[in-house]
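Everything below concerns the one structure shown next.
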Amino acid sequence: MHGEYKVPGGKLVVVDLDVVDATIANFRLAGDFFLEPDEALENINDAVNGLPADSDAASIAAAVRAGLPENATLLGFSPEAVAVAIRRSLSKATSWGDYDWEIVHAPAVSPRMHLALDEVLAAEVGEGRRKPTLRIWEWNESAVVIGSFQSLKNEVDPEGAAKYGFDVVRRISGGGAMMMEKGAVITYSLYVPAELVQGMSFADSYAFLDEWVLEALKSLGIDASYKPLNDITSPTGKIGGAAQKRLGSGAVLHHVTMSYDMDGEVMAQVLRIGREKLSDKGITSAAKRVDPLRSQTGLSRAEIIERMLQTFTTLYQATPGDITPEEYAKAERLVEEKFATEEWLTRVP
């Protein structure tokens with residue numbers, strides 16, 4: 001069995017192993033990481049061989065850590081990364097290169113249609129009718145998109161939203177409210193087979209699926225990094241956040257919104273950002289929570305999106321695609337039946 005795991009911001013971890021009598025055997029670790037002393041590699045191999053094949057990631061990481069000599073130095077990887085690669089091997093996970101990727105950058109649609117397309121396109125990937133896809137959202141309307149489990153009245157000030165022209169909608173993924181001002185955000189969705197993140201925890205999968213965008217941002221001079229669970233950040237502040245939904249069809253919906261430009265005063269009037277959330281971030285002003293890409297790059301929104309698409313295409317040999325008429329029709333029905341209904345919006349009052 002073979003497994004690979006690219007550590008976000010780190011190195012590639014590669015494992016090969018057999019399972020004999022329900023235990024791991026013939027385990028070998030490889031990769032482009034750094035490890036000292038040399039004999040520590042064999043220490044890791046010895047620590048893994050003989051472990052039960054149904055060991056969870058925490059148990060595997062603990063065994064690797066216990067098997068390392070006291071003076072061992074691991075650079076670009078960790079015992080936890082070895083454990084993820086092993087679990088991916090045992091669960092027969094796939095990698096980015098196993099798929100033909102498609103990029104969709106279609107014209108703007110309504111906020112509700114964006115949310116419906118997310119559900120439809122993810123289901124299409126899970127059911128094998130669509131290639132794994134990266135979709136860039138375009139906006140010609142402003143909206144507040146609240147998480148699936150958030151309280152509507154606790155998150156949004158209806159008077160502020162109406163005053164500044166923000167529609168209010170609810171998505172199918174969890175996480176926090178996002179203020180999507182037209183022309184001021186960059187949003188993308190990934191629709192991927194569940195096998196791509198097999199063997200990973202939710203936390204690991206967030207960073208794994210956004211590694212490519214960190215590379216794109218770094219190529220623009222931004223010192224971007226991932227802050228668990230789901231924030232993309234830089235030394236000057238938060239850039240954006242991710243949310244995820246696992247569908248029964250066997251697909252993962254992973255979407256990210258990054259702030260290109262923002263008006264902190266408007267955000268404070270539209271969103272009801274609680275004192276507890278702000279104190280948890282160690283700050284006192286909502287306007288300071290997000291550091292827009294415009295201020296960090298001096299580039300237009302279109303130029304930043306172009307670099308993102310170039311990076312994704314180069315890394316994964318993606319090709320341009322589009323949304324089919326059938327997919328649009330399914331999304332329109334889903335808007336009518338779900339996303340435009342009062343029942344869905346107020347499912348958590």
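Each residue of the sequence shown is one higher than the one before, counting from 1 in full-length UniProt numbering. All C-beta atoms, glycine included, are put in the ideal place defined by N, C-alpha and C. Since we're looking at a predicted model, the values are computed, not measured.
Using DSSP bridges, identify the partner residues of residue i.
i: M267; result: DSSP, once it has assigned bridges, lists no residue as partnering M267.
i: I232; result: Y226, G240
i: M180; result: A143
i: Y5; result: V13
i: A251; result: P193
i: A30; result: V14
i: M258; result: I186, G240
i: V168; result: V144
i: P320; result: I103
i: R87; result: R87 is not bridged to any residue.
i: V156; result: L271
So, helix, strand or coil for residue i, using DSSP?
i: S189; result: strand
i: E102; result: strand
i: D291; result: coil
i: T341; result: coil
i: P349; result: coil
i: K163; result: helix
i: R246; result: strand
i: I273; result: coil
i: A22; result: coil
i: N45; result: helix
i: E36; result: strand
i: T284; result: Any reading at T284 needs caution, since the residue's pLDDT is 47, under 50, leaving its predicted position unreliable; the model's value is listed next. Three-state DSSP puts T284 in coil, outside helix and strand.
i: P111; result: helix
i: L121; result: helix
i: L334; result: helix
i: residue 365; result: Residue 365 falls outside the range modelled here, since the chain spans only 1 to 349, and no answer is possible.
i: L74; result: strand
i: R135; result: strand
i: G200; result: Reading off the sequence, residue 200 comes out as Met, not Gly. Correct three-state label for M200: coil.
i: S205; result: helix
i: R65; result: helix
i: L309; result: helix
i: E327; result: helix
i: G128; result: coil
i: A93; result: coil
i: S59; result: helix
i: Q296; result: helix
i: L214; result: helix
Starting from the C-beta of residue i, find all residues in its chain whose C-beta is less than 6 angstroms away, skip the five residues before and the five after it, and write them out in chain order.
i: W96; result: Y316
i: A47; result: A63, V64, G67
i: Q296; result: I222
i: I304; result: L293
i: K330; result: V120
i: I146; result: E155, R170, A177
i: V7; result: F77, A81
i: F339; result: R112, L115, A116
i: M1; result: L17, S89
Going by CA-CA distance only, name the one from the options that's closest to residue i.
i: V64; options: K11, A83, S219; result: A83
i: L269; options: E155, A329, L196; result: According to the sequence displayed, residue 269 carries Gln and not Leu. Comparing Cα-Cα distances from Q269 to each of E155, A329, L196, the minimum goes to E155.
i: V99; options: E337, T313, E336; result: The sequence as given places Tyr at residue 99; Val does not occur at that position. When each option's Cα is compared against that of Y99, the closest is T313.
i: V335; options: P107, L117, K227; result: L117
i: E141; options: L29, K330, V168, N45; result: V168
i: L134; options: E332, G128, I323; result: I323
i: L90; options: V145, D54, E327; result: D54
i: V196; options: G250, G31, I186; result: This sequence places Leu at residue 196; Val is not what is there. The shortest C-alpha separation from L196 is found at G250.
i: G199; options: R272, E80, I172; result: E80
i: G241; options: A224, G248, V252; result: A224
i: residue 354; options: K153, A302, M267, E138; result: Past the boundaries of the shown model lies residue 354; the chain is included only from 1 to 349, so the question cannot be answered.
i: I273; options: W101, G174, A108, K153; result: K153
i: L299; options: L271, Y260, N43; result: Y260
i: L75; options: G9, I136, M308; result: G9
i: P325; options: K163, R333, A318; result: R333
i: K92; options: A184, P349, L17; result: L17
i: A108; options: T187, G174, A162; result: T187
Under the assumption that residue i contacts residue j (Cβ atoms under 8 angstroms), give the Cβ distance between them as a whole number of angstroms.
i: F77; j: F33; result: 4 angstroms
i: A203; j: R246; result: Not quite, the Cβ-Cβ distance comes to about 14 angstroms (not below 8 angstroms), so this is no contact.
i: S189; j: H255; result: 4 angstroms
i: M180; j: T257; result: 7 angstroms
i: R87; j: A61; result: The Cβ separation is near 10 angstroms, so there is no contact.
i: A30; j: P52; result: Incorrect: roughly 23 angstroms between the Cβ atoms, too far for contact.
i: A72; j: Y5; result: That pair is no contact at about 19 angstroms.
i: L309; j: I44; result: That belief does not hold up - the Cβ atoms of L309 and I44 are roughly 38 angstroms apart, past 8 angstroms.
Spatial neighbours of residue i within its chain, please: CB distance less than 7 angstroms, with the 5 preceding and 5 following residues excluded, ordered by chain position.
i: D291; result: S234, T236, G237, K238, I239
i: T311; result: W212, E215, A216, S219
i: K182; result: W139, N140, E141, S142
i: D231; result: K238, G241
Give every residue of the same chain whose Cβ lies closer than 8 angstroms to the Cβ of residue i, excluding the five residues on either side of it in the sequence, and list them in chain order.
i: L229; result: F202, A203, Y206
i: D157; result: Q269, V270, L271, R272
i: T346; result: L152
Chain C beta carbons: is any one of them nearer than 8 angstroms to that of residue i?
i: I24; result: The question asks about chain C, but that chain is absent: this structure has only one protein chain.
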